Amino acid sequence: MAPVRIVIGRDEESAVEDSPTPKKPIRVESRVSLTKWEATAAAAVFLIFSVGLVCIFITMPEAEYDKILRIPRNLSDLRVLKDNLAMYARDYEAKFILGYCSIYIFMQTFMIPGTIFLSLLAGALFGVIKGVILVVFSATSGASSCYFLSKLIGRPLISWMWPEKLRFFQAEIAKRRDRLLNYMLFLRITPSLPNTFINLASPIVDIPFRIFFLATVVGLLPASYITVRAGLALGELKSVRDLYDFKTFAVLFLIGFISISPAILKRKRAYG
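Numbering-wise, the sequence shown is residues 1 to 272 according to full-length UniProt numbering.
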């Protein structure tokens, strides 16, 4: 019996592009098409995460939850939240960190925007060193969860959302199989591709998890440091765009090019 499929979007023909690799080319679709099993599995994962998150918060010490259980959407919200959380985070640090990491991982796993505000909050509440550790741990855990979730249901979703970008990514990965870690580090350090796209697309183009994980842990350090450090001066920050000005982008790209320089030198020696 053919699998039951749940289709969302326009009913158009799917395009199949030639691939530069001997692997089966990625089928790029113009609609989201999930089997009944995939949709059920995705709903189950979301439910498990949600229940776990609720269980964490109902076991935390009492507080004025209407003031602290808020996801900030702008800097004004973030400043208010920081003021409301400062004493709570100091008095119940371990439980607060557990709740913080849980929210961050949940948002990263299910591609919910707003994690940059949580990164700023980590700097404002915990300082640079502890803040960077928290952000990198949470972001890497969330990215890893997203990687495995995408492996389960991500192919039709990303083919529908970013078809051209997926083709480009597949071709670039195919050309760099022998130096994949350097390339993934470059992508993580620089804003060349959105992190959400990288998390979703990596299992689709067969990037091994060990390379994905190592590139994520190391590659997120520079941007996390910049964001967490900015959180120390939250009151002076006028816009999130101020975090990544031309100078910051230049530094990130410089670090990114340093990360791929060994691969470039190796290639030159091979052809020289």
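C-beta atoms are modelled at their ideal positions from N, C-alpha and C, and glycine is treated no differently. Note that the structure is a prediction, hence the values are computed from the model and not measured.
| Straight-line Cα distance separating M87 from L75 | 20 Å
| So E172 is in the alpha helix (DSSP H); what residue range does that whole segment cover? | 163-175
| Anyone know if the C-beta pair for A122 and N199 falls short of 8 Å? | no
| Where does the unbroken alpha helix (DSSP H) through S224 begin, and where does it stop? | 221-232
| field | Chain-order list of residues whose beta-carbon lies under 7 Å from that of R229 (same chain, five-residue window excluded) | value | G123, V128
| task | Measure the Cβ-Cβ separation of I158 and A201 and say whether it is below 8 Å. | result | yes
| field | Outcome for P22 when other beta-carbon atoms lying within 10 angstroms are tallied against a minimum of 16 | value | Legend: pLDDT at P22 = 46, less than 50; position of this residue unreliable, value from coordinates given subsequently. Flag for P22 reads exposed.
| query | Between the beta-carbon of R73 and the beta-carbon of G114, is there less than 8 Å? | reply | yes
| Can you tell me where the alpha helix (DSSP H) with R90 in it begins and where it stops? | 75-91
| task | Check whether the Cβ atoms of residue 288 and V217 sit closer than 8 Å, and answer yes or no. | result | Past the edges of the chain, shown from 1 to 272, lies residue 288, and the structure says nothing about it.
| field | Neighbourhood of R70 by C-beta distance below 8 Å, restricted to the same chain and skipping five residues each side | value | D77, L81
| CA-to-CA distance, V251 to D245, given in whole angstroms | 10 Å
| Can you tell me whether I48 is buried or exposed, with buried defined as 16 or more other CB within 10 angstroms of its CB? | exposed
| message | I207 and M184 - do their beta-carbons sit closer together than 8 Å? | response | yes
| query | Just reading off the alpha helix (DSSP H) that S119 is part of, what are its end residues? | reply | 115-126
| said: So, for I226: in the same chain, excluding its five sequence neighbours on each side, which residues have a beta-carbon less than 7 Å away from its beta-carbon? | reply: L243, T248
| said: Measuring alpha carbon to alpha carbon, tell me which residue in S141, M161, F213 is nearest F106. | reply: S141
| said: Tell me whether the region 186-199 and the region 146-165 touch, counting them as touching only if at least three CB pairs, one residue from each stretch, are closer than 8 Å. | reply: yes
| Bounding residues of the alpha helix (DSSP H) (the contiguous stretch that carries F186) | 180-189
| said: Measuring straight from C-alpha to C-alpha, what distance separates L221 and I189? | reply: 8 Å
| message | So, for S150: in the same chain, excluding its five sequence neighbours on each side, which residues have a beta-carbon less than 6 Å away from its beta-carbon? | response | L200, P203
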